[in-house]
Amino acid sequence: MEGEMKSTRIRKLLLLVATAFLAVFFAAPAMTQERPAAGKEEERAQLHLRKTPLKQRQYKGRAVEGEEKVITRGDSLWRILIQEKGLSEKRFSRYLVIIGALNPHVKKPNILQVGQTIFIPIRPDEILGIEVPTGKGEAGETKIYRVKQGDYLFKILREQFNIQEKKEIRNTFEQVKELNPGKKNWNFLFTGEGILFPGSGKLAAVPAAVEPAKPVEIVGLDYGRKLPVRENMQLLEQVMAALGNETQRGGEEVLALQEGSIRIDRDSYPVIRNPKVEQKVILDTEGKIPPSLRSKLEAQGSAAQVVSVKKGDSLHDTVSNLLARLGFQSLPSNRPVEIQDGGVGLQVKGEWMVTAPEESGGRQEVLIINLTDDPGRTPDYLKDYLSLKGMSLKEILIPSSPFPRVPAAPAVKGQEVESRVESWPREKGALVDALLKSYEISFSSGEQLSVPLREGIRLDAKIDRRFEIGGKKVALFFRAVGEELKRALQEREGLRVIEIDLAALSSRELIARLLEFLGEKTAYREHRFSATEGGAKDKIVLSLAGFFLVHRSLFLTDRAIPSRLQKFFGEKGLRVVYFQ
Numbered sequence: 001m002e003g004e005m006k007s008t009r010i011r012k013l014l015l016l017v018a019t020a021f022l023a024v025f026f027a028a029p030a031m032t033q034e035r036p037a038a039g040k041e042e043e044r045a046q047l048h049l050r051k052t053p054l055k056q057r058q059y060k061g062r063a064v065e066g067e068e069k070v071i072t073r074g075d076s077l078w079r080i081l082i083q084e085k086g087l088s089e090k091r092f093s094r095y096l097v098i099i100g101a102l103n104p105h106v107k108k109p110n111i112l113q114v115g116q117t118i119f120i121p122i123r124p125d126e127i128l129g130i131e132v133p134t135g136k137g138e139a140g141e142t143k144i145y146r147v148k149q150g151d152y153l154f155k156i157l158r159e160q161f162n163i164q165e166k167k168e169i170r171n172t173f174e175q176v177k178e179l180n181p182g183k184k185n186w187n188f189l190f191t192g193e194g195i196l197f198p199g200s201g202k203l204a205a206v207p208a209a210v211e212p213a214k215p216v217e218i219v220g221l222d223y224g225r226k227l228p229v230r231e232n233m234q235l236l237e238q239v240m241a242a243l244g245n246e247t248q249r250g251g252e253e254v255l256a257l258q259e260g261s262i263r264i265d266r267d268s269y270p271v272i273r274n275p276k277v278e279q280k281v282i283l284d285t286e287g288k289i290p291p292s293l294r295s296k297l298e299a300q301g302s303a304a305q306v307v308s309v310k311k312g313d314s315l316h317d318t319v320s321n322l323l324a325r326l327g328f329q330s331l332p333s334n335r336p337v338e339i340q341d342g343g344v345g346l347q348v349k350g351e352w353m354v355t356a357p358e359e360s361g362g363r364q365e366v367l368i369i370n371l372t373d374d375p376g377r378t379p380d381y382l383k384d385y386l387s388l389k390g391m392s393l394k395e396i397l398i399p400s401s402p403f404p405r406v407p408a409a410p411a412v413k414g415q416e417v418e419s420r421v422e423s424w425p426r427e428k429g430a431l432v433d434a435l436l437k438s439y440e441i442s443f444s445s446g447e448q449l450s451v452p453l454r455e456g457i458r459l460d461a462k463i464d465r466r467f468e469i470g471g472k473k474v475a476l477f478f479r480a481v482g483e484e485l486k487r488a489l490q491e492r493e494g495l496r497v498i499e500i501d502l503a504a505l506s507s508r509e510l511i512a513r514l515l516e517f518l519g520e521k522t523a524y525r526e527h528r529f530s531a532t533e534g535g536a537k538d539k540i541v542l543s544l545a546g547f548f549l550v551h552r553s554l555f556l557t558d559r560a561i562p563s564r565l566q567k568f569f570g571e572k573g574l575r576v577v578y579f580q
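Residue numbering for the sequence shown follows the working numbering, starting at 1 and increasing by one per position.
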């Protein structure tokens, strides 16, 4: 009996132990599953875009919707508008004008202060009159993800969106590129950068912004050759006036000949006069002056010349003939006037390029006349700069254009674009640091590392710069290192070793090596920037040698830029950095 009771107690005890074991066994997975779920929920909370309440401000009498953004370190309007929102690079200077008008408290919109609040319109292209269809279907919902330090695209797709299959990752990557047309280089993501990702369901096609059909550019360098002079006398008189000549109409021109005086009706035969040298030209617009009379009028010692116009003669040729008879010296029309100022080259072409008649003691300047359909096409500061260099540029507005034009946005007082050329250090190690910082790459300097080479042998090494990029760890040495150390760092520390011999490289070669490592397909060469667009784009061209990183709007150069020309590169939306 006693043995039976003992056996019962043992069975009960075993049952209790088994129950406790099963409770622990089944509870443990639940606990381990619960934690990641909470972690995922936390990550998703970071991923989910909190809708910013839209606000309104007035622009030219109309309400504009937008959001207020607090500026953080590294922010710029180029980054916000072009890189984050994917807006057009070509319209960046026009966006600056809009931002300036909507934010009168911001004196320099191209230089933002950390902590500053700035109003960003959500549809700036609509303000410019450019139609942007939404094109969203039922499943066209998108999400914005803010990049965190250490992120790269495939990591985001796998960890944040739980996309694991390689094929699905590739397909989603293509959709992400379509959603972010302004981003050119996907090898690098910036901390805080906003990237659009497709939401649930398949992404509907997102059409690009549709600009109104651009008019044919009709006013190029040879436009005057296409205009018949008889139908464009008003334009001819404007060109003459721009060069300091007078067109005299009304009354009579009395000229002395050997046979006596001849009276010419100036309404029928306009007289063009150069007051500086007292030279006159009679313009025979119908070709009615007989050759015999013309030879007498142009006889030696006469103060009058004759230019006869035949049917079909162009404005360009007639003006050139008039200028030659008024004492102007024409310059070759197929060659630009060139200036080299510091590291910037400047080329100017014109419909007419002449030097004025010489005056005693006076400076002889080059006079350049262009026809245009846009009187504000060439900035005034460039005209002033040319004037300092001995060139006078005048633009004559054609009377009418058969094509409609989208008017340029007017400049807002106090919102002029400025540009400040930054300087990077001369010391090469500091130059490396400056370039890494411009890519927002965090790094450590002079890190000591003890690496086992083989059993019982360790090597103490100093890594000049250590950082992570694209999910890969990098050890940068400013000298050559042995193959054994490279292999040990790769196999045991997971570090990719990069060797750059600072002593053997010039600053230019050093930057080229670093840019190549960063995946940039660029080289140091001369780049040309037109001051105007359309058919007039070769009228004024500035050239500067350096590394041009288009997608970052960054220009690295070792050429000096005159202070008067720095604004030009600012208007192009460029951040210019000078290295020695």
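Ideal placement from N, C-alpha and C gives every residue a C-beta, glycine not left out.
Bear in mind the structure is a predicted one, so any value in this text is a computation, not a measurement.
In whole angstroms, what is the alpha-carbon distance linking residue i and residue j?
i: lysine 288; j: glycine 350; result: 32 Å
i: tyrosine 524; j: alanine 242; result: 41 Å
i: glycine 150; j: proline 198; result: 22 Å
i: isoleucine 511; j: valine 497; result: 18 Å
i: proline 402; j: leucine 189; result: With a pLDDT of only 42 at proline 402, under 50, the local geometry of the prediction cannot be trusted, and the value read off the model is given with reservation. Each residue's alpha carbon lies about 47 Å from the other.
i: valine 417; j: valine 147; result: Legend: pLDDT at valine 417 = 47, less than 50; position of this residue unreliable, value from coordinates given subsequently. Distance between the alpha carbons of valine 417 and valine 147 is about 29 Å.
i: isoleucine 264; j: valine 271; result: 9 Å
i: isoleucine 500; j: glutamate 484; result: 18 Å
i: glutamine 116; j: aspartate 384; result: 34 Å
i: serine 445; j: valine 64; result: 48 Å
i: leucine 554; j: glutamine 160; result: 31 Å
i: valine 307; j: lysine 107; result: 55 Å
i: glycine 129; j: isoleucine 120; result: 17 Å
i: glycine 220; j: arginine 377; result: 12 Å
i: arginine 513; j: arginine 91; result: 32 Å
Please identify the residue among the options whose C-alpha is closest to the C-alpha of residue i.
i: arginine 466; options: Leu459, Glu493, Arg487 and Glu455; result: Glu493
i: glycine 244; options: Lys394, Gly150, Val541 and Ile111; result: Lys394
i: proline 109; options: Gly100, Gly115 and Gln116; result: Gly100
i: lysine 473; options: Ile463, Leu544 and Ala480; result: Ile463
i: threonine 372; options: Leu235, Ser295, His527 and Glu174; result: Leu235
i: isoleucine 369; options: Val309, Asp222 and Ile500; result: Asp222
i: glycine 194; options: Lys143, Glu509 and Ser261; result: Lys143
i: tyrosine 61; options: Leu96, Val70 and Ile127; result: In the sequence under discussion, the amino acid at residue 61 is glycine, which differs from the tyrosine named in the question. Answer by Cα proximity: Ile127.
i: asparagine 334; options: Ala299, Ser553, Lys539 and Gly519; result: Lys539
i: proline 124; options: Val70, Arg552, Tyr59 and Arg377; result: Tyr59
i: serine 442; options: Ala461, Leu431 and Glu468; result: Glu468
i: aspartate 313; options: Leu495, Leu227 and Leu367; result: Leu227
For a quick check, are the C-beta atoms of residue i and residue j less than 8 Å apart?
i: phenylalanine 579; j: leucine 542; result: no
i: leucine 77; j: leucine 54; result: no
i: arginine 356; j: glutamine 364; result: In the sequence as displayed, the identity of residue 356 is alanine instead of arginine. It is a contact, given that the beta carbons lie within the stated cut-off.
i: tryptophan 352; j: leucine 323; result: yes
i: valine 281; j: arginine 325; result: yes
i: arginine 79; j: valine 114; result: no
i: valine 239; j: isoleucine 396; result: yes
i: threonine 285; j: arginine 230; result: yes
i: leucine 196; j: asparagine 180; result: yes
i: histidine 527; j: leucine 544; result: yes
i: leucine 331; j: glycine 224; result: no
i: glutamate 516; j: leucine 549; result: no
i: isoleucine 82; j: isoleucine 118; result: no
i: leucine 96; j: arginine 57; result: no
Can you name the start and end residues of the beta strand (DSSP E) that residue i belongs to?
i: proline 452; result: 443-454
i: asparagine 370; result: 366-372
i: alanine 63; result: 62-70
i: glycine 585; result: Given a span of 1 to 580 for the chain in the structure shown, any question on residue 585 remains unanswerable.
i: tryptophan 424; result: From DSSP, tryptophan 424 is part of no beta strand (DSSP E); its letter is neither H nor E.
i: arginine 263; result: 260-265
i: tryptophan 186; result: Note, tryptophan 186: premise wrong, no beta strand (DSSP E); not H, not E.
i: arginine 465; result: 457-469
What residue does the alpha helix (DSSP H) around residue i start on, and which one ends it?
i: leucine 315; result: 315-325
i: serine 93; result: 92-102
i: leucine 81; result: It is not in any alpha helix (DSSP H) - leucine 81 carries neither H nor E in the DSSP assignment.
i: alanine 430; result: 428-438
i: lysine 383; result: 380-388
Relative to the ligand GTP, is the shortest distance from any of its heavy atoms to the C-beta of residue i smaller than 7 Å?
i: leucine 518; result: The ligand GTP is not part of this structure, which contains no ligands at all.
- Item | beta strand (DSSP E) segments (min. 3 residues) lying fully within the region 268-304 | 271-274 and 279-284
- What are the uninterrupted segments assigned as alpha helix (DSSP H) that are 4 or more residues long and contained completely in the region 482-515, given in chain order? 483-493
- Unbroken stretches of the alpha helix (DSSP H), 4 residues or longer, contained in the region 212-252: 223-226 and 233-242
- Task: Could you pull out every unbroken alpha helix (DSSP H) segment of at least 4 residues lying fully inside the region 147-179, listed in chain order?
- Result: 153-159 and 166-179
- Enumerated in chain order, which unbroken segments of the alpha helix (DSSP H) with a length of 4 residues or greater are wholly contained in the region 106-131? 124-127
- Counting only runs that start and end within the region 512-571, where is the alpha helix (DSSP H) found for 4 or more residues in a row? 566-571
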